[in-house]
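Asker: Below you will find the structure I want to go over with you.
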Amino acid sequence: TYFSTYLPTFLLIYLPTYLSTCLLVYLPTILLIYLSIYLSIYLSIYLSIYLSIYLSIYLSIYLSIYLSIYLSICLSVCLSVCLSVCLSVCLSVCLPVCLPVCLPVCLPVCLPVCLPACLPACLSVCLSVCLSVCLSVCLSVCLSVLLLPLLLLLLLLMLLLHLLLLLLLLLLLLLLLLLLLLLLLLLLLLLLLLLLLLLLLLLLLL
């Protein structure tokens with residue numbers, strides 16, 4: 001009698017309410033908590049580490065390539081073009097006009113005055129230009145040779161961390177799906193038990 005009176009009430013009232021609360025209350029809260037924690041951790045890691053490493057790699061590679069190309073190609077092209085144009089213009093125009101006029105007048109005046117004043121200035125300008133070009137080329141080459149392997153390793157590590165986080169997310173989603181399937185199976189079993197109990201009650205009544 002106890003079994004026949006209390007078990008149907010338990011199965012008809014307590015279990016549906018419990019399962020409905022689990023499905024409607026606990027699972028959405030767990031999913032919301034998990035998604036908020038995961039998104040906060042993922043975004044903080046992504047914004048703090050990945051972007052800083054990406055910016056450093058991009059800036060170093062871009063600056064090294066830009067400086068090397070600019071200093072090696074543009075300066076050489078500009079110097080060659082300017083020198084060729086200036087030399088051609090000077091040789092074609094200035095020499096036939098200026099040599100007969102300027103040489104007899106300028107040589108006795110300019111040599112004693114200009115040489116002591118111009119030599120230090122020309123030497124300082126040439127040395128500064130040569131040192132700046134050599135230092136920029138050497139620094140760009142050294143940075144591109146030394147920093148590229150380390151930066152590639154850091155990129156690979158960040159990609160591996162990203163893949164691990166995605167795998168963890170997939171595993172947790174699979175676990176949630178398994179829990180849902182288990183709850184559905186429990187519901188089916190409870191329905192079967194209810195049907196069996198109803199059949200037993202009908203048999204007892206008959």
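Residues 1 to 206 (the working numbering) make up the sequence shown, in order.
Just so you know, even glycine gets a beta-carbon here, dropped at the ideal spot from N, CA and C.
Based on Cα-Cα distance, which residue from Tyr50, Leu43 and Leu183 lies nearest to Leu24?
Answerer: Checked all of Tyr50, Leu43 and Leu183; the closest Cα to Leu24 is Leu183.
Asker: Going by DSSP, what residue range makes up the alpha helix (DSSP H) through Leu24?
Answerer: No alpha helix (DSSP H) holds Leu24; DSSP gives it neither H nor E.
Asker: So Ser140 packs on Ser64, CB below 8 Å; how close in whole Å?
Answerer: The pair is a contact, with the Cβ atoms about 5 Å apart (cut-off 8 Å).
Asker: In the DSSP assignment, the alpha helix (DSSP H) including Leu59 goes from what residue to what residue?
Answerer: Start and end: Leu51 to Ile69.
Asker: Look up Leu181 in the DSSP assignment and say whether it is helix, strand or coil.
Answerer: Three-state DSSP puts Leu181 in a helix.
Asker: Short check: CB of Leu67 to CB of Ser136, under 9 Å?
Answerer: Yes, Cβ-Cβ distance for Leu67 and Ser136 is below 9 Å.
Asker: If we ignore side chains and look at the alpha-carbon of each, how far apart do Pro28 and Tyr38 end up?
Answerer: C-alpha separation (whole angstroms): 15 Å.
Asker: Determine the direct distance from the alpha carbon of Leu195 to that of Leu202, and round the result to whole angstroms.
Answerer: Rounded to whole angstroms, Leu202 to Leu195 spans 10 Å at the Cα level.
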